[in-house]
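Number 56 in UniProt numbering belongs to position 56 of the sequence shown; there are no gaps in the numbering. Ideal Cβ positions, reconstructed from N, Cα and C, are used throughout, including at glycine. Keep in mind it's a predicted model, so treat the numbers as computed, not measured.
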Amino acid sequence: MFLAAASGTSDPLDAWEEFLARFRWQNIVAVLAEKALTLAFYTLLFIVLRKVAQLVLRHVFRRYRENGKYAVSRVATMDTLVTNGTSYLLWFLYFYAILSALGVPVGTLIAGAGVISLALGLGAQGFVSDVVTGFFILLEKQFDVGDIVQIGEITGTVTAIGIRTTQVTSFDGTLNFIPNRNISIVANKSRGDMRVLISVHVFPTTPIAKVQETIAAVNKKMVPDYPDITDGPNILGVTDLGKGDLAVQVQMKAKNGAQLTIQNAFLSAYLQALHEAGITLPTSTLNLTKS
Numbered sequence: 001m002f003l004a005a006a007s008g009t010s011d012p013l014d015a016w017e018e019f020l021a022r023f024r025w026q027n028i029v030a031v032l033a034e035k036a037l038t039l040a041f042y043t044l045l046f047i048v049l050r051k052v053a054q055l056v057l058r059h060v061f062r063r064y065r066e067n068g069k070y071a072v073s074r075v076a077t078m079d080t081l082v083t084n085g086t087s088y089l090l091w092f093l094y095f096y097a098i099l100s101a102l103g104v105p106v107g108t109l110i111a112g113a114g115v116i117s118l119a120l121g122l123g124a125q126g127f128v129s130d131v132v133t134g135f136f137i138l139l140e141k142q143f144d145v146g147d148i149v150q151i152g153e154i155t156g157t158v159t160a161i162g163i164r165t166t167q168v169t170s171f172d173g174t175l176n177f178i179p180n181r182n183i184s185i186v187a188n189k190s191r192g193d194m195r196v197l198i199s200v201h202v203f204p205t206t207p208i209a210k211v212q213e214t215i216a217a218v219n220k221k222m223v224p225d226y227p228d229i230t231d232g233p234n235i236l237g238v239t240d241l242g243k244g245d246l247a248v249q250v251q252m253k254a255k256n257g258a259q260l261t262i263q264n265a266f267l268s269a270y271l272q273a274l275h276e277a278g279i280t281l282p283t284s285t286l287n288l289t290k291s
């Protein structure tokens with residue numbers, strides 16, 4: 001296709017010129033131009049399709065957000081998953097088209113690669129497991145983007161749910177990438193109200209009635225300033241914590257995410273009010289717990 005018939009010659013220079021002359025340069029240039037145009041076409045088509053897909057998905061999910069019928073975190077989760085899935089699909093089709101245009105028998109190579117096929121099969125098995133697990137996470141609404149979760153030893157905020165991995169940002173800023181197939185037990189701390197339990201340690205000789213009266217006065221004053229409190233506060237009374245430790249416990253429920261702020265604010269107010277009331281507390285055994 002690219003070589004012409006050779007003729008005998010003894011001069012090295014003439015032989016080199018004859019060798020170069022044997023190439024059908026017009027055919028070579030034509031084939032290279034055709035391949036270049038094909039690659040350029042597929043690349044341009046990929047860019048256009050990717051841009052169109054992004055615009056369409058952005059428009060669709062914006063309408064879902066504006067609709068108001070779906071939770072914002074739910075829409076964000078689906079947006080991330082569908083966008084990632086579409087991107088992976090387009091990249092796969094693009095590389096397949098490029099290799100095919102270059103004459104690489106992709107299907108034959110994959111089918112007859114032996115060890116490579118086995119490796120790809122094992123990789124595909126993990127990939128499919130990730131995708132299926134991610135699907136059930138969404139179907140069962142185990143968690144959404146923005147939820148605070150504990151997965152194994154990792155605790156943090158879900159920042160993205162992809163078709164292969166879930167991203168969780170720890171409270172110290174660490175970004176954790178967790179393969180979906182490794183997610184077996186999830187503790188979602190963003191569903192429902194959270195219980196707030198405050199323990200104020202006291203001496204056996206402390207006037208309990210006066211402590212409870214002071215705490216009740218603080219509650220009455222502060223509750224209107226904290227609309228995130230959904231139940232209580234309720235004074236549970238004196239609790240024996242063991243080893244001679246006694247505490248007056250107060251329990252309330254708060255909207256998720258507000259519990260720590262409410263804990264700190266109410267404990268500080270209790271301590272200040274009890275101090276002003278002249279009640280001495282065991283300073284080394286003050287405790288604040290949450291569950």
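Considering only the alpha carbon of each residue, which of the options lies closest to residue i?
{"i": "K243", "options": "R164, V223, P227, P204", "result": "P204"}
{"i": "A101", "options": "D144, L37, D245, G232", "result": "L37"}
{"i": "F171", "options": "I154, I161, T239", "result": "I154"}
{"i": "R65", "options": "M78, A53, Q54", "result": "M78"}
{"i": "A209", "options": "I235, K189, F266, P227", "result": "I235"}
{"i": "residue 299", "options": "S129, A254, F61, R50", "result": "Residue 299 lies beyond the range of the chain shown here (1 to 291); nothing can be said about it."}
{"i": "A254", "options": "L274, K189, M194", "result": "M194"}
{"i": "V52", "options": "T83, V211, A76", "result": "T83"}
{"i": "V248", "options": "H201, Y226, Q263, V168", "result": "H201"}
{"i": "P224", "options": "L246, I262, D240, L39", "result": "I262"}
{"i": "Q167", "options": "A187, I185, G146, S184", "result": "G146"}
{"i": "S190", "options": "L90, E276, K141, S184", "result": "K141"}
{"i": "I137", "options": "V186, L39, G152", "result": "V186"}
{"i": "Q54", "options": "L32, Y88, E34", "result": "Y88"}
{"i": "G179", "options": "N219, V132, N188, A217", "result": "According to the sequence as given, residue 179 is Pro; it is not Gly. Cα-wise, what sits closest to P179 is V132."}
{"i": "W91", "options": "V48, R63, H59, N67", "result": "V48"}
{"i": "G198", "options": "G173, D228, V238, K220", "result": "Contrary to the premise, residue 198 reads as Ile rather than Gly in this sequence. Among G173, D228, V238, K220, the Cα nearest to that of I198 is on V238."}
Could you name the residues that DSSP lists as bridge partners for residue i?
{"i": "V149", "result": "G156, N188"}
{"i": "M78", "result": "M78 is not bridged to any residue."}
{"i": "G242", "result": "D245"}
Cβ of residue i less than 8 Å from any chain B Cβ?
{"i": "D144", "result": "Any reference to chain B falls outside this structure, which holds one protein chain only."}
For residue i and residue j, which I take to be in contact (beta-carbon distance under 8 Å), what is that distance rounded to the nearest angstrom?
{"i": "Q272", "j": "V196", "result": "Actually they are not in contact, since the Cβ atoms of Q272 and V196 sit about 18 Å apart, beyond 8 Å."}
{"i": "T86", "j": "L57", "result": "7 Å"}
{"i": "I279", "j": "P233", "result": "Rounded, the Cβ-Cβ distance is 19 Å, inconsistent with contact."}
{"i": "T230", "j": "I161", "result": "Not confirmed; about 28 Å, so no contact."}
{"i": "I148", "j": "T157", "result": "6 Å"}
{"i": "T214", "j": "L274", "result": "6 Å"}
{"i": "F143", "j": "N188", "result": "5 Å"}
{"i": "D228", "j": "A258", "result": "4 Å"}
{"i": "S129", "j": "R181", "result": "4 Å"}
Please report the residue range of the beta strand (DSSP E) in which residue i lies.
{"i": "Q251", "result": "245-254"}
Residue range of the alpha helix (DSSP H) that residue i falls in?
{"i": "Q142", "result": "Where Q142 is concerned, there is no enclosing alpha helix (DSSP H), given that its DSSP letter is neither H nor E."}
{"i": "I163", "result": "Premise fails: I163 is in no alpha helix (DSSP H) and is neither H nor E."}
{"i": "L262", "result": "Checking the sequence, you will find Ile at residue 262 rather than Leu. Per DSSP, I262 belongs to the alpha helix (DSSP H) from 259-276."}
| request: At 4 residues or longer, and completely inside the stretch 169-240: list those alpha helix (DSSP H) runs for me, N to C. | output: 208-222
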